[in-house]
Amino acid sequence: MTKSITVRYFAQFREQAGIGEETVAVAAETAADVFRQLQERHGSREPLGHCKVAINDELVGWDAPVADGDTVLLFPPVAGG
Amino acid sequence: MTKSITVRYFAQFREQAGIGEETVAVAAETAADVFRQLQERHGSREPLGHCKVAINDELVGWDAPVADGDTVLLFPPVAGG
Amino acid sequence: MMQIVETRIDPERLRDELLDAAAGAYTSFEGWIRNENEGQRVLRLEYEAYVPLAMSEGEQVIREAMERYPVLHARCVHRTGVLEIGDCAVWVGVSSAHRDAAFLACRYIIDKVKVRLPIWKKEHYADGHSGWVNCEQCAAHAHDD
Amino acid sequence: MMQIVETRIDPERLRDELLDAAAGAYTSFEGWIRNENEGQRVLRLEYEAYVPLAMSEGEQVIREAMERYPVLHARCVHRTGVLEIGDCAVWVGVSSAHRDAAFLACRYIIDKVKVRLPIWKKEHYADGHSGWVNCEQCAAHAHDD
């Protein structure tokens, strides 16, 4: 089933996508599905385990389900400090 | 052989002896001998291993030899910081 | 308490806020911008954070540290924006009755802050190039491989 | 560099002296006078040092830390005289390229300073009594017995 998902890109993902946020129609069950289907947008060749994801401002695992209308935040490898 | 030793007391040793420094005649071969022979002055019941000793401003072991004219510094258990 | 700020971090003021008559030990950590990384000369860094989650995850890290170690106060401040060589990018401060807890909690907080908070940094090099810094944990995994 | 001082320790000024363009990490430790020790309420402390040997032994401890861990700068300042609750009795600061060395060197220095330097402290209690504080190492040995 196709879902309307608002995706937010950060750091190198945002630079690659050329945009910080967009709403897309994707056939995705999980956060990982969203990440993979938007590969051409964020351009990441990082292993999924190096990146993080949040749904509606909550950090979740890549197997977390996504629902129509969710906001999915795609975080490249973090490097604070 | 009796030696003339200048002894300096610190912290609780000084308070017990009622004096910071005195020159005594002792029959002592080592720093430990000096400590034991002045037991009544510094009043310490601490194990020797808890205290420290310096001869002429150098930290030494309790078995270090003392010579006539040496200055022996008797340090109670330290507690910096 | 976690804070994300866009202005200069003031370690002295932060330290004073951790004072406590019951505290015998205080430990602080600061991350400074240095002029070199992996053999390249660095001119400045640009930090970006997703503030809502950096805040909540930072608070969570501090809570964990306080559950693990008997400390009185623990705080962390992370700066974002453009930072120059010598600037303080992150500060962690902990006060406790005894020093063991202060050291361990301080270390715990900075270690977790670096790998769990959604914060990124881009290095600008002397040769005109720039690049996003890889996460510590990823680098460690790569070494394990 | 080791210092024994009779006046207030100024952590901010000391920190600034450890700044280095090659430093990515800074760790500090402070020992504060707290209002309680082993169940007794403490009003103030009196520190005494034998300065010539406290200096040379402190320098030796710092040298050892710098040999063991790759740090850029390491300093320690110990205060003597009468100190009140909340006063800083000892400060240790270390800067290094990476944080692991800074944490380990800072911990090494304070641990050794506490058990090796000829420094003593007398606690003055709320009930009017006073007493010299036992050394940490001796207490640890006693527990082992």
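Chains as they are written, first to last, in my numbering: chain A, 1 to 81; chain B, 1001 to 1081; chain C, 2001 to 2145; chain D, 3001 to 3145.
Built from N, CA and C at the ideal position, the CB exists for glycine as well.
The structure displayed is predicted, hence computed values, not measured ones.
Listed by position along chain B, the residues whose Cβ is nearer than 7 Å to that of Val3113(D) are Gly1080 and Gly1081.
Unbroken beta strand (DSSP E) runs of no fewer than 3 residues, entirely contained in the segment 2004-2036 of chain C, are found at 2025-2032, following chain order. Nearest to Arg3116(D) by C-alpha distance, out of Ser3056(D), Leu3014(D), Asn3037(D) and Thr3027(D), is Ser3056(D). One finds Leu2053 in chain C with Cβ atoms closer than 7 Å to the Cβ of Ala54(A), taken in chain order. Look at the segment 3024-3042 of chain D: the residues with a C-beta under 7 Å from a C-beta of chain C are Gly3024, Ala3025, Tyr3026, Thr3027, Ser3028, Phe3029, Glu3030, Gly3031, Trp3032, Arg3034, Asn3035 and Glu3036.
Residue pairing for Phe75(A): DSSP places it in a beta bridge opposite Lys52(A). From the beta-carbon of Cys2088(C), no residue of chain A is found nearer than 8 Å; the closest lies around 11 Å away. Between Ile2062(C) and Ile2004(C), the beta carbon gap of about 13 Å keeps them out of contact (Cβ cut-off 8 Å). Residue nearest to Gln3040(D) within the set Ala3105(D), Tyr3125(D) and Pro3011(D) is Tyr3125(D) (criterion: CA-CA distance).
In terms of Cβ geometry, Ile3009(D) and Glu3084(D) do not form a close pair [threshold 8 Å]. Annotated as proximal: Ala3049(D) and Thr3080(D), with beta-carbon spacing under 8 Å. For the 8 Å CB-CB criterion, Val1066(B) and Val1024(B) do not form a contact. What Leu3019(D) touches in chain C, judged by beta-carbon distance under 8 Å, is Trp2032 and Gly2086, going in chain order.
The C-alpha of Tyr3026(D) lies about 10 Å from the C-alpha of Val2090(C). Short of 7 Å from the beta carbon of Gly2024(C), and not among the five residues preceding or following it, lie these beta carbons of its own chain, in chain order: Ala2097 and His2098.
Annotated three-state conformation of Met3002(D) is strand, per DSSP.
Looking from the CA of Lys2121(C), the closest CA among Asn2134(C), Ala2022(C) and Gly2128(C) belongs to Asn2134(C). The bridge partners DSSP lists for Arg36(A) come to none. Counting the other CB atoms within 10 Å of its CB gives Ser1004(B) a total below 16, which places it among the exposed residues. For Cys2106(C), the enclosing alpha helix (DSSP H) starts and ends at Arg2099 to Arg2116. Using beta-carbon distances, His50(A) counts as an interface residue toward chain C, with a partner under 8 Å.
In this structure, Pro77(A) keeps its C-beta atom at 8 Å or more from the C-beta atom of Glu29(A).
Shown here, Ala2049(C) sits in a strand according to DSSP, grouped into three states.
Note that the C-beta distance between Val1007(B) and Leu1074(B) is below 8 Å.
With respect to the C-alpha of Glu2046(C), the residue from Asp2100(C), Lys2112(C), His2078(C) and Glu2030(C) having the closest C-alpha is His2078(C). If you draw a straight line from the Cα of Ala3074(D) to the Cα of Gly3058(D), it is about 11 Å long.
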